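Each residue of the sequence shown is one higher than the one before, starting from 21 at the first, in our numbering. Just so you know, even glycine gets a beta-carbon here, dropped at the ideal spot from N, CA and C. For clarity, every value in this text was computed on a predicted model and none was experimentally measured.
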Amino acid sequence: MPAGAAVAGRRPDALEPELLRAPVAARVEEMLRRFEAGDLLGSLVIAESILFETPSIGLAAVCHDEAVAALQPLLRAAPPAMDPPAEGMREGGLALLARFDGATPIVACIPRGGRERMAALRALHDLLRLGALDAIAP
21 MPAGAAVAGR
31 RPDALEPELL
41 RAPVAARVEE
51 MLRRFEAGDL
61 LGSLVIAESI
71 LFETPSIGLA
81 AVCHDEAVAA
91 LQPLLRAAPP
101 AMDPPAEGMR
111 EGGLALLARF
121 DGATPIVACI
131 PRGGRERMAA
141 LRALHDLLRL
151 GALDAIAP
């Protein structure tokens, strides 16, 4: 199971768009639940959605920083070019996959900020959840 994707020995739940638009309190609760369960990438995506709207929420900033630190081996990996999974990919997924070339680390394929970054991180979460990156994930 790839780092940041395991949740009690199973694949993590998808990050539904409604979750990322939920009230901040609900997102904080889900962010912490995922973090404690080992879904670090899911927790990171939720933390970024919170910080995008409300940068002053310190718990989201701490969770973000902890998840980024723990995910460094994955984010530094350079996945080869690959076909998209048969199903389960969302918007942004194909754009992220198009950037994979075997030489470029994942972190360089993800936009630096804004909604485009959240879409790319959600797509990365989908790829991990679907098992498409199992071969390269530490």
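What separation, rounded to the nearest whole angstrom, lies between the Cα atoms of LEU60 and LEU141? The alpha-carbon atoms of LEU60 and LEU141 are separated by roughly 11 Å.
For the alpha helix (DSSP H) containing LEU114, name the first residue and the last one. Under the DSSP assignment, LEU114 falls in the alpha helix (DSSP H) whose first and last residues are 113-119.
Within 8 Å, strictly: CB atoms of PHE72 and SER63: No. Outside cutoff.
Ranges of the beta strand (DSSP E) found wholly within the stretch 35-73, counting only runs of at least 3: Listed in chain order, nothing qualifies, since the stretch 35-73 has no complete beta strand (DSSP E) run of 3 or more residues.
By Cβ distance, which residues of its chain are closer than 8 Å to ILE70, with the 5 residues on each side in sequence left out? Once the five neighbours on either side are set aside, the close Cβ partners of ILE70 are VAL44, ARG47, VAL48, MET51, ILE77 and ALA80.
How many angstroms separate the CA atom of GLU86 from the CA atom of PHE120? Pairing GLU86 with PHE120, the inter-Cα distance amounts to about 25 Å.
Between the beta-carbon of ILE156 and the beta-carbon of ALA115, is there less than 8 Å? Cβ distance not < 8 Å, so ILE156 and ALA115 don't count as in contact.
Helix, strand or coil for ASP85 per DSSP? In the three-state scheme derived from DSSP, where H, G and I count as helix and E and B as strand, ASP85 is classed as helix.
Please list, in chain order, all residues of the same chain as PRO125 whose beta carbon is under 6 Å from its beta carbon, the five residues on each side excluded. Correct list, in chain order: ARG96 and ALA98.
Where PRO32 and GLY134 are concerned, what is the direct C-alpha to C-alpha distance, given to the nearest angstrom? Rounded to whole angstroms, the separation of the alpha carbons of GLY134 and PRO32 is 24 Å.
Mapping DSSP to helix, strand and coil, what is ASP146? Note: ASP146 maps to helix in three-state DSSP.
Take LEU147 and list the residues in its own chain whose beta-carbon comes closer than 6 Å to its own, dropping the five residues that flank it on each side. Only LEU153 meet the Cβ criterion.
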